[in-house]
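A.B. asks: First the structure, which I've put down as structure tokens, then a few questions once you've had a look.
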Amino acid sequence: MRLLDIPAIKSMLNSIGLASFYQRLIMQLEDDFRNWNKFYKSPRHAIHYKHGVIELMPCSDDELYSFKYVNGHPRNTEKNKLSVVAMGLLASVESGYPLMITEMTLLTAIRTAAVAALGAKYLAKKNASRLAIIGCGAQSEFQAKAMQAVHSISHIYIYDIDASAMEKFSNNLSADFTHIKCCNSAIEAISNADIIITATADNKNATLFTENSVSSGTHIHAMGGDGPGKTELDVSLLKQSKLIVEFSPQSLVEGEVQQLDASHIHAELWQVIRGEKPARENDEEITIFDSVGFAVEDYSILKLVYEISEELKLGTDVDLIPVIDDPKNLYGLLKI
Ligand SMILES: NC(=O)c1ccc[n+]([C@@H]2O[C@H](COP(=O)([O-])OP(=O)(O)OC[C@H]3O[C@@H](n4cnc5c(N)ncnc54)[C@H](O)[C@@H]3O)[C@@H](O)[C@H]2O)c1
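Numbering (this note's numbering), first residue to last: -13 to 322.
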């Protein structure tokens, strides 16, 4: 069984280049969303603690099974820990044997950003070029870089309650984007934006901005609100927008739409991608992709990473599954 640790994933990304990896991943995601009905799907299993949440996210088709272990601890950064860390596993459905265990902290940030880009490909205005990001934590640079894969982003406006997070974002991406502006408020950041990404982490029903601050034609990718009682947008803004989710049974519990009910959901993203429900219909409407993160997205990146690790011969074989001549003699393993 193959183990891909952080050096192996970094080596993969360095060999391929992040921009090319995003292109391949967005294609893989699009393909998997288009084939939505082939997946065995369920809402994730979440246990909520006073510190945060720990979740298991399983998914499979008839060939491969995947799951991710992931947490969400908004106050972790105060103790110099990440808010979100993850590990993932991919297995063969035919034998049930695990094929790969991998780090998924980096991969979660990358797949989450690729999902944002895929949503914006269908839901943002075709000529979208100005991006606002509210919340400049661990996910933020990944989001900006992925958006470049589907839209020509010329200007980025950022806002975070922590000025040092904005400085970190600007330093990390100064070579990639010429116009990055640190703003004094969320309202200032979104005032010129075609696409807004909300990526704050706080365990509460927050209102980052209200409907009258959002220009017509804007696409909002709302990803920071991803648990019960953890939202970022105002109900009146949700009500006047075209609302797209990933998987309604999970989104109604965890997404912005938990503040409303199922009748306010325009579509699940796969329906838009398959052309079964309209995407953006004009340059005036406000669209919101209320994204909480769904297990099919982890399946997509795990499958891709497994394939690339074979191509590039990356990872280490680890002895986690017994290899024995007589499969009925497991006890014999103790004697060798
Ligand atoms: N939808 C998904 O698939 C998905 C995937 C990964 C993470 N997330 C969520 O995205 C959020 C961000 O994750 P992260 O890893 O970047 O977290 P993080 O803790 O590294 O960063 C969050 C940032 O938000 C800022 N912030 C908090 N409240 C704010 C406010 N009111 N206005 C402006 N900035 C504010 C913080 O100062 C911090 O810099 C988390 O809530 C996480 O659970 C969602």
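We treat Cβ as the ideally placed atom computed from N, Cα and C, and that holds for glycine.
Quick check on DSSP: helix, strand or coil for Y108?
C.D. replies: Here residue 108 refers to the residue found at position 122 of the sequence shown. Of the three classes helix, strand and coil, the one that applies to Y108 here is helix, per DSSP.
A.B. asks: Nearest to R20 by alpha carbon, out of K263, S81, N178?
C.D. replies: In the sequence shown, the residue the question calls residue 20 occupies position 34. Checked all of K263, S81, N178; the closest Cα to R20 is K263.
A.B. asks: With DSSP as the reference, please indicate the residues paired to F275 in a beta bridge.
C.D. replies: Locating residue 275 in the sequence shown gives position 289, counting from the first residue. DSSP, once it has assigned bridges, lists H207, I230 as partnering F275.
A.B. asks: For ligand 1, I want to know if L255 counts as a neighbour, meaning its beta carbon is within less than 7 Å of at least one of the ligand's heavy atoms.
C.D. replies: For this step, residue 255 is matched to residue 269 along the sequence shown. No, the Cβ of L255 stays beyond 7 Å of every heavy atom of ligand 1.
A.B. asks: Taking C-alpha atoms, which residue in P313, I307, I287, A114 lies nearest to E16?
C.D. replies: What you label residue 16 is simply residue 30 of the sequence shown in a count that begins at 1. Minimum Cα distance to E16 is reached at I287.
A.B. asks: Return the Cβ separation of C45 and A248 in integer angstroms, given the expectation that the two are a contact with Cβ distance under 8 Å.
C.D. replies: Here residue 45 refers to the residue found at position 59 when the sequence shown is read from its first residue. Here residue 248 refers to the residue found at position 262 when the sequence shown is read from its first residue. Not confirmed; about 22 Å, so no contact.
A.B. asks: Consider the C-beta atom of D188 and the heavy atoms of ligand 3; say whether any pair is separated by less than 7 Å.
C.D. replies: Ligands present in the displayed structure are limited to ligand 1, and ligand 3 is not among them.
A.B. asks: Is the beta carbon of F275 less than 8 Å from the beta carbon of A208?
C.D. replies: In the sequence shown, the residue the question calls residue 275 occupies position 289. In the sequence shown, the residue the question calls residue 208 occupies position 222. Yes; because the gap between Cβ atoms is below 8 Å, this pair is in contact.
A.B. asks: Considering only C-alpha positions, which residue in the set L219, A187, Q9, K225 is nearest to S69?
C.D. replies: In the sequence shown, the residue the question calls residue 69 occupies position 83. Answer by Cα proximity: A187.
A.B. asks: Once you ignore the five residues that flank E293 on each side, which residues in its own chain have a CB closer than 6 Å to its CB?
C.D. replies: In the sequence shown, the residue the question calls residue 293 occupies position 307. Here the set comprises nothing.
A.B. asks: Measure the C-alpha to C-alpha separation of E242 and G210 and round it to an integer number of angstroms.
C.D. replies: As a first step, residue 242 is located in the sequence shown; it is residue number 256 there, counting from the start. As a first step, residue 210 is located in the sequence shown; it is residue number 224 there, counting from the start. Roughly 9 Å between the two C-alpha positions.
A.B. asks: Helix, strand or coil: how does DSSP classify K216 here?
C.D. replies: As a position in the sequence shown, residue 216 is number 230, starting the count at 1. It is a strand residue.
A.B. asks: Pairs of beta-carbons, one from the segment 104 to 122 and one from the segment 138 to 154, closer than 8 Å: are there three or more?
C.D. replies: Output reads yes: the segment 138 to 154 touches the segment 104 to 122.
A.B. asks: Quick check on this structure: which residue in K154, Q245, A192, S234 has the alpha carbon closest to the alpha carbon of L351?
C.D. replies: The question about residue 351 has no answer, for the chain in this structure spans -13 to 322.
A.B. asks: For Y8, name the three-state secondary structure that DSSP assigns.
C.D. replies: Taking the first residue of the sequence shown as position 1, residue 8 is located at position 22. DSSP places Y8 in helix when its eight states are reduced to three.
A.B. asks: Distance, Cα to Cα, A102 vs D311?
C.D. replies: Numbered from its first residue, the sequence shown carries residue 102 at position 116. Numbered from its first residue, the sequence shown carries residue 311 at position 325. Cα to Cα, A102 sits roughly 47 Å from D311.
A.B. asks: Go through its chain and collect everything with a Cβ distance to I(-5)'s Cβ below 8 Å, but skip five positions before and after it.
C.D. replies: Walking along the sequence shown from the start, residue -5 turns up at place 9. Only T88, E89, L92, L93, V291 meet the Cβ criterion.
A.B. asks: Say yes only if the C-beta of L288 is nearer than 7 Å to one or more non-hydrogen atoms of ligand 1, and no if none qualify.
C.D. replies: The sequence position of residue 288 within the sequence shown is 302, counting from 1. No - ligand 1 has no heavy atom lying nearer than 7 Å to the Cβ of L288.
A.B. asks: If you drop the 5 nearest sequence neighbours on each side, which residues of the same chain put their C-beta closer than 7 Å to that of P308?
C.D. replies: Mapped onto the sequence shown, residue 308 falls at position 322. Cβ within range, chain order: L316, L319.
A.B. asks: By how many angstroms is the C-alpha of F195 removed from the C-alpha of I173?
C.D. replies: Translated into the one-based positions of the sequence shown, residue 173 becomes position 187. Translated into the one-based positions of the sequence shown, residue 195 becomes position 209. Each residue's Cα considered, the two are about 6 Å apart.
A.B. asks: May I have the straight-line CA-CA distance separating N158 from Q125, to the nearest angstrom?
C.D. replies: Position 172 of the sequence shown, counting from 1, holds the residue named residue 158. Position 139 of the sequence shown, counting from 1, holds the residue named residue 125. Each residue's alpha carbon lies about 12 Å from the other.
A.B. asks: What three-state label does DSSP hand T186 in the structure shown?
C.D. replies: Indexing the sequence shown from 1 puts residue 186 at position 200. Here T186 sits in coil by DSSP.
A.B. asks: Can you tell me which residues form a DSSP beta bridge with A72?
C.D. replies: Numbered from its first residue, the sequence shown carries residue 72 at position 86. According to DSSP, A72 bridges with V56.
A.B. asks: Please decide whether A175 counts as near chain D, where near means a Cβ-Cβ distance under 8 Å.
C.D. replies: Absent here is chain D; the protein component of the structure consists of one chain.
A.B. asks: Could you spell out the range, first to last residue, of the alpha helix (DSSP H) harbouring S295?
C.D. replies: Mapped onto the sequence shown, residue 295 falls at position 309. First-last of the alpha helix (DSSP H) with S295: 281 to 298.
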